[in-house]
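Respectively, the protein sequence lines represent chains A and B.
Okay, so the first sequence: first residue is 1 according to the UniProt record's numbering, each after it adds one.
Okay, so the second sequence: first residue is 1 according to the UniProt record's numbering, each after it adds one.
There are 2 protein chains.
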Amino acid sequence: MAGRRQTASRVLPRPSGRGDAFEQWPADVEFGVLRELMGYALRRAQIAIYEDFFATVEDLDITPPMFSSMVLIRNNPGLRQSSLGRIVGIARSGTMTLVDRLERAGLVQRLSVPGDRRVNELALTDHGNTVLDELIRRIRAHDDRVSAGLTDDEKVTLRALLARF
Amino acid sequence: MAGRRQTASRVLPRPSGRGDAFEQWPADVEFGVLRELMGYALRRAQIAIYEDFFATVEDLDITPPMFSSMVLIRNNPGLRQSSLGRIVGIARSGTMTLVDRLERAGLVQRLSVPGDRRVNELALTDHGNTVLDELIRRIRAHDDRVSAGLTDDEKVTLRALLARF
DNA sequence: TATTGTTATACTCTATAACTATA
DNA sequence: TATAGTTATAGAGTATAACAATA
Numbered sequence: 001m002a003g004r005r006q007t008a009s010r011v012l013p014r015p016s017g018r019g020d021a022f023e024q025w026p027a028d029v030e031f032g033v034l035r036e037l038m039g040y041a042l043r044r045a046q047i048a049i050y051e052d053f054f055a056t057v058e059d060l061d062i063t064p065p066m067f068s069s070m071v072l073i074r075n076n077p078g079l080r081q082s083s084l085g086r087i088v089g090i091a092r093s094g095t096m097t098l099v100d101r102l103e104r105a106g107l108v109q110r111l112s113v114p115g116d117r118r119v120n121e122l123a124l125t126d127h128g129n130t131v132l133d134e135l136i137r138r139i140r141a142h143d144d145r146v147s148a149g150l151t152d153d154e155k156v157t158l159r160a161l162l163a164r165f
Numbered sequence: 001m002a003g004r005r006q007t008a009s010r011v012l013p014r015p016s017g018r019g020d021a022f023e024q025w026p027a028d029v030e031f032g033v034l035r036e037l038m039g040y041a042l043r044r045a046q047i048a049i050y051e052d053f054f055a056t057v058e059d060l061d062i063t064p065p066m067f068s069s070m071v072l073i074r075n076n077p078g079l080r081q082s083s084l085g086r087i088v089g090i091a092r093s094g095t096m097t098l099v100d101r102l103e104r105a106g107l108v109q110r111l112s113v114p115g116d117r118r119v120n121e122l123a124l125t126d127h128g129n130t131v132l133d134e135l136i137r138r139i140r141a142h143d144d145r146v147s148a149g150l151t152d153d154e155k156v157t158l159r160a161l162l163a164r165f
């Protein structure tokens with residue numbers, strides 16, 4: 001059993017349809033150690049935020065990695081496909097899938113580079129730029145919404161604390 | 001395109017082997033809006049923590065959901081399989097897979113209930129209890145480690161802020 | 001030889017839907 | 001009819017490994 005490679009299980013639940021996954025909780029659940037663990041607190045918060053994220057951009061068919069990629073592509077002109085993958089933290093093959101999807105949606109284009117014929121530079125299309133503006137507008141609102149329980153000071157504190165990890 | 005059901009993409013990257021996914025970043029990456037978003041800060045923090053979590057329990061072949069399930073099972077005697085699923089936030093079929101895995105590893109047992117022959121109550125095996133003790137020991141250390149940059153006060157603050165989501 | 005993009009393949013996790021047996 | 005557990009099936013996401021073209 002020792003050392004067996006486990007590839008996954010880094011998934012966060014998201015209520016997709018109206019399956020049976022999100023019925024009522026039993027009352028009086030005892031969480032034990034979980035209550036003390038930063039990791040668990042973070043995970044629950046993340047679940048809540050993802051839920052709201054998907055509701056926010058549902059009609060645009062955008063996932064969090066797609067959104068961050070678009071932001072990174074706009075803000076780093078000439079970004080290469082492989083660099084994007086490294087920043088986002090996925091394998092080259094996964095970057096393919098991601099960029100394929102963005103390209104198929106007409107949001108991103110691959111541009112060949114004169115100097116080095118191996119590489120693709122990524123750029124938003126006009127449509128991509130328009131969609132990203134709308135996404136940023138909505139996602140800012142979403143972010144304000146999910147952190148509505150916090151004062152501005154607390155938000156600053158929280159971001160600062162999170163950055164330490 | 002509107003309203004198309006998207007099932008997934010709530011996955012957090014984890015460096016599993018030594019693939020090409022985790023090479024050096026390009027320098028001077030511009031993150032744009034991402035820097036302001038609580039959701040993004042949370043995601044990055046979560047990635048860092050998951051990474052350390054897996055390193056911590058690698059030899060025991062335990063995933064975060066397995067760990068939380070074991071804690072919940074121990075702390076809520078007579079917990080039913082379906083209740084566990086509801087608490088953790090996964091569908092009944094997914095709960096099956098999870099409990100199957102715990103059972104196959106000899107950590108959890110399904111007990112039939114005299115009153116209602118439809119239900120299974122869950123309990124840790126002796127081995128499960130032993131393993132959970134070890135897990136808690138390690139994961140507490142892991143949690144301290146990843147939040148080492150924080151004072152005790154800051155940890156309290158952070159947990160409190162996260163709980164608001 | 002190393003790197004970029006690419007394709008093939010496999011694995012994990014999750015979900016929905018349908019089935020069985022109970023209640 | 002409704003609920004608990006179960007099984008079947010499909011889909012998304014990721015990874016590793018190998019390949020071609022280029023450097």
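We put the beta carbon where it would ideally sit given N, CA and C, even for glycine.
Ignoring anything shorter than 3 residues or poking outside the UniProt domain "HTH marR-type" (35–165) of chain B, list the beta strand (DSSP E) runs there in chain order. 108–112 and 120–124
By the criterion of Cβ-Cβ separation under 8 Å, what are the contact partners of S68/A in chain B? L34 and Y40
Who are the near neighbours of P65/B in its chain, counting only those whose CB is closer than 8 Å to its CB and skipping five residues on each side? V88, I90 and L98
Test: D126/B CB closer than 8 Å to a CB of chain A: no
Step through the CB atoms of chain A and report whether any lies within less than 8 Å of the CB of N75/B. yes
Rounded to the nearest angstrom, what separates I62/B and T130/A at their Cα positions? 44 Å
Let's test the definition: count the other Cβ atoms within 10 Å of the Cβ of N76/B and tell me whether it reaches 16, buried, or not, exposed. buried
Alpha carbon of R92/A to alpha carbon of R86/A, nearest angstrom: 8 Å
Closer than 9 Å by beta-carbon distance: list the chain B residues that pair up with P113/A, in chain order. Position check: residue 113/A holds Val in this sequence, whereas Pro was assumed. What V113/A touches in chain B: nothing, since even the nearest Cβ is about 15 Å away.
To the nearest whole angstrom, what separates the beta carbons of T95/B and Q109/B, a pair I think is in contact under 8 Å? That belief does not hold up - the Cβ atoms of T95/B and Q109/B are roughly 15 Å apart, past 8 Å.
Distance cutoff 8 Å, beta carbons only. Does L158/B sit that close to anything in chain A? yes
Can we say the region 143–163 of chain B touches the region 30–45 of chain A, given the rule of at least three CB pairs closer than 8 Å? yes
Should G128/A go down as buried or exposed, given a rule of 16 or more other Cβ atoms within 10 Å for buried? buried
Return no unless some Cβ of chain B is closer than 8 Å to the Cβ of D143/A. yes
Report the three-state DSSP secondary structure of V33/A (helix, strand or coil). helix
Answer with buried or exposed for A45/B, where buried requires no fewer than 16 other C-beta atoms within 10 angstroms of its C-beta. buried
Output yes or no for whether 8 Å exceeds the beta carbon distance between L150/A and L34/B. no
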